[in-house]
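Residue numbers (this note's numbering): 55 to 864. A virtual CB, placed ideally from N, CA and C, is assigned to each residue, including glycine.
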RNA sequence: GCGAGAGUGGUGGAAUGGUAGACACGCUAGAUUUAGGAUCUAGUGCCUUCGGGCGUGCGGGUUCAAAUCCCGCCUCUCGCACCA
């Protein structure tokens with residue numbers, strides 16, 4: 055067969071379609087339930103059904119698929135499902151903008167994406183699919199809500215909450231991002247609104263969420279979660295306000311109590327009105343109002359000069375009985391600690407600035423070093439001006455003060471977290487209805503479990519008014535109280551869609567099970583997830599919520615483990631050809647379909663794995679995919695062209711390189727190093743092409759079998775084609791992963807590097823087992839080396855076996 | 001401001017104490033072709049008096065040997081940011 059003919063017959067998309075059909079017919083990717091094998095639950099974050107798989111989906115999914123295939127060949131029974139995160143705003147916005155019902159829009163997108171997933175040729179078990187907007191699914195969201203409610207983990211509270219004016223809904227604290235507090239979805243700055251909302255008590259699990267000892271997750275995710283949870287140790291201290299009563303503060307520096315020279319409350323503190331003296335009332339009220347009107351962005355601007363007003367009230371410092379003035383200032387936040395602080399200007403930057411501006415006394419309670427010439431001092435040192443603490447260093451003084459506070463009833467040891475409870479109410483249509491009924495007689499009444507699911511009505515109005523669309527649907531809104539039978543109304547808010555993704559990994563196991571969120575028998579067989587992969591952007595949202603869910607599920611007796619996913623790998627982001635994030639406005643969006651049509655799925659997936667380390671992401675390069683496509687075509691040509699009737703090539707070299715390849719691919723796949731694995735496959739292909747027809751048939755066939763097997767996780771269609779062309783039995787994907795022998799990797803001859811004073815001077819081919827003496831002898835006698843030794847004394851020589859000789863002269 | 005990560009050819013990247021630049025893109029030359037494309041072969045860090053010299057953001061250090069370890073600095077990216 056000529057080169058020309060081969061080239062014309064290379065049609066990757068035909069080849070791939072053929073194998074996809076065969077795989078589907080033979081049920082090749084039906085989940086292996088053979089319990090004699092160890093389990094491996096591989097999971098990639100489920101996509102939002104936006105309409106088309108974009109190249110980012112390919113980047114996330116196909117390396118995961120490669121790894122799942124590798125595990126399968128390594129003797130694991132592998133569960134690798136996929137589904138759709140189908141609730142959410144884009145569907146509702148499509149309804150508003152184009153008059154298509156969210157359900158119709160979502161389902162047609164899903165249908166389209168199913169086809170694209172099949173074209174991807176991944177080993178997803180499509181029978182296990184989950185679609186979160188299906189009542190069969192969201193019924194269990196509601197069920198979980200009821201369980202959380204029973205346990206006191208779901209509660210309703212009226213409070214100022216973050217509101218996105220564009221998306222017309224409230225957001226969880228995690229979904230407000232950046233220093234200017236923008237909506238995580240659409241980038242609009244959020245505002246505060248006072249609304250009654252449902253929250254989940256994730257803060258009850260703050261301490262446990264800080265424990266990462268049972269999971270093998272990237273350090274980076276752990277750090278992000280740890281910072282987000284923001285644990286601070288210290289004390290809560292009661293300050294008596296004259297004529298009012300005690301108000302509590304939180305401090306991490308109880309040791310500095312003697313230096314507390316004033317007291318500051320947040321403008322939102324509930325006691326502000328009561329403590330303010332009549333002569334100060336107007337000024338205080340004006341300040342509180344101004345703070346309330348101020349945008350979050352201005353309010354939290356660190357560079358802004360501190361402002362505040364005196365309330366006329368005085369607090370008593372419990373340590374020394376001093377009367378200290380009480381101020382209101384917006385640098386104290388109601389959302390952290392108790393919303394009130396003791397101000398210690400000597401040891402705190404913010405308090406110093408405030409004291410300087412308002413002429414308040416500053417007392418140092420920690421002795422700074424002699425050369426210290428700054429203002430506030432944060433370092434360690436002996437306590438001063440602090441009565442019974444004097445002379446103790448900061449840590450000792452903290453402990454001593456906490457004991458003193460506890461003995462005298464002024465306070466106690468305390469831990470505070472930055473983490474807030476998870477606000478789950480959304481004022482939108484396309485989500486899970488919250489299963490709650492409000493009755494004038496009985497109050498808040500949960501929908502009885504047997505009445506689930508509370509179905510999302512089909513014919514709502516989708517106008518984004520800022521009120522839940524369900525409120526304007528009387529058939530939904532008006533109901534009867536399950537308790538007393540009287541007239542009642544339904545909760546009209548829907549749930550945050552992060553609720554859906556908090557437990558979807560469990561639903562995959564038995565998507566149609568109707569006696570619980572998942573079939574416990576299936577859970578026994580497969581849980582928890584062994585390897586999860588996805589982007590870092592969900593570190594403090596999805597990944598924290600799903601950990602929280604699993605811990606609650608454990609406490610509900612649904613599971614016996616503590617963590618949902620044992621191992622996690624974060625892939626990077628595939629960028630546009632210009633190195634920027636892909637976006638329609640930049641016009642740098644790459645459509646994977648164009649490349650699948652032209653080069654095939656194997657080329658696209660292999661290119662995405664080849665472009666760089668998976669964790670790093672990287673720019674798209676449409677020339678780069680051509681290189682990968684060439685490689686696949688050349689690999690395929692190894693079996694479709696030429697003959698292999700023996701010859702002059704060294705068969706032991708073929709054996710050595712084949713063993714080396716298996717080792718390299720095995721180690722790289724274990725560590726998610728897809729890029730270097732493909733480089734090794736390319737190198738090996740180039741070598742095989744160079745010796746094709748020059749080794750004995752038997753050796754060639756054996757080496758080819760191994761090569762195709764290790765190629766198969768990367769380019770499953772091409773490998774299958776090659777496997778068949780070699781006359782092997784279907785399917786290459788059911789083969790056991792080849793082993794390798796370390797001894798066979800060692801070469802007989804090595805290149806010995808000769809250095810003089812660390813500089814490369816010669817390379818000599820020597821037997822691998824050369825003795826140190828012989829190696830050094832060869833080194834000093836090399837013609838290239840000798841000039842560099844002349845007239846100098848050989849002081850020392852270093853021999854690294856199998857690698858180099860370094861001659862040190864001077 | 002605090003925390004984390006990164007800086008290597010024209011480009012993506014490889015090498016985690018021992019041959020810097022694997023593999024690939026691009027480029028150059030040649031073969032093939034009416035031509036273009038595709039394919040194949042060879043070359044390709046920079047400088048060079050062809051001996052060699054220089055070279056992994058910058059400056060120092062450790063070591064026989066440093067992209068790699070240590071110290072200081074610069075730049076970029078990401079996260080958090082008045083959290084008491």
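Following the DSSP letters along the chain, one finds residue 572 in no beta strand (DSSP E), marked with neither H nor E. Counting along the chain, the unbroken alpha helix (DSSP H) around residue 693 starts and ends at 676 to 694.
Burial state of residue 222 is buried, judged by a 10 Å Cβ sphere holding 16 or more other Cβ atoms. Assigned with DSSP and collapsed to three states, residue 581 falls in coil, not helix or strand. CA-to-CA, the gap between residue 335 and residue 492 works out to about 39 Å. Of the residues assessed, residue 142 falls on the buried side of the cut-off, its CB having 16 or more other CB atoms within 10 angstroms.
Relative to the Cα of residue 168, the nearest Cα in the group 137, 150, 159 belongs to 137. The shortest CA-to-CA distance from residue 633 to any of 643, 624, 625 is the one to 643. Linking residue 225 to residue 478 through their CA atoms gives a straight-line distance of about 8 Å. The beta carbon of residue 489 sits closer than 7 Å to the beta carbons of 196, 199, 200, 500, 501, 506, 508 from its chain, once the five residues preceding and following it are set aside; these are given in chain order. Here residue 656 is actually not in contact with residue 738; their C-beta atoms are around 17 Å apart, not less than 8 Å.
Contact fails between the stretch 733 to 750 and the stretch 616 to 624, because fewer than three Cβ pairs, one in each stretch, are under 8 Å apart. Here the C-alpha atom of residue 436 lies approximately 9 Å from the C-alpha atom of residue 451. Judged by DSSP in its simplified three-state form, residue 166 adopts helix. Beta-bridge analysis with DSSP links residue 816 to 808.
Here residue 562 has 135, 137, 182, 184 as same chain residues with Cβ atoms under 7 Å from its own Cβ, once five neighbours each way along the sequence are excluded.
With 16 or more other Cβ atoms inside 10 Å of its own Cβ, residue 391 counts as buried.
For residue 500, no alpha helix (DSSP H) encloses it; the enclosing beta strand (DSSP E) starts and ends at 497 to 500. The stretch 269 to 352 is shown to contain whole alpha helix (DSSP H) runs of 4 or more residues at 273 to 283, 326 to 329, 335 to 347, in chain order. Taking all protein chains in view, the Cβ of residue 768 is crowded by 16 or more other Cβ atoms within 10 Å, so the residue is classified as buried. Boundaries of the beta strand (DSSP E) harbouring residue 364: 362 to 370, taken from the DSSP string.
With a beta-carbon spacing of about 7 Å, residue 382 and residue 342 fall inside the 8 Å limit used to define contacts.
Taking 8 Å as the cut-off, the Cβ atoms of residue 415 and residue 310 do not count as close. Inside the stretch 366 to 418, DSSP marks whole beta strand (DSSP E) runs of 3 or more residues at positions 377 to 383, 394 to 397, from first to last along the chain. A direct Cα-to-Cα measurement between residue 65 and residue 651 gives close to 10 Å. In this structure, DSSP gives residue 196 a helical state, which the three-state scheme calls helix. Per DSSP, the beta-bridge partners of residue 480 are 548. Comparing alpha-carbon positions, the option among 649, 740, 337 lying closest to residue 689 turns out to be 740. Residue state for residue 727 is assigned as coil, using DSSP reduced to three classes. Fewer than three Cβ pairs drawn from the stretch 605 to 616 and the stretch 114 to 133 lie within less than 8 Å of each other, which leaves the two stretches out of contact.
When rounded, the separation of the alpha-carbon atoms in residue 338 and residue 373 is 28 Å.
According to the DSSP assignment, residue 471 belongs to no beta strand (DSSP E), since it is labelled neither H nor E. For residue 211, the enclosing beta strand (DSSP E) starts and ends at 208 to 218. DSSP lists 291 as the beta-bridge partner residues of residue 465.
In this structure residue 94 is buried. Its beta-carbon is surrounded by 16 or more other beta-carbon atoms within 10 angstroms.
A distance below 8 Å between beta-carbons, with the five flanking residues on each side excluded, links residue 843 to the following residues of its chain, in chain order: 810, 834, 861, 863.
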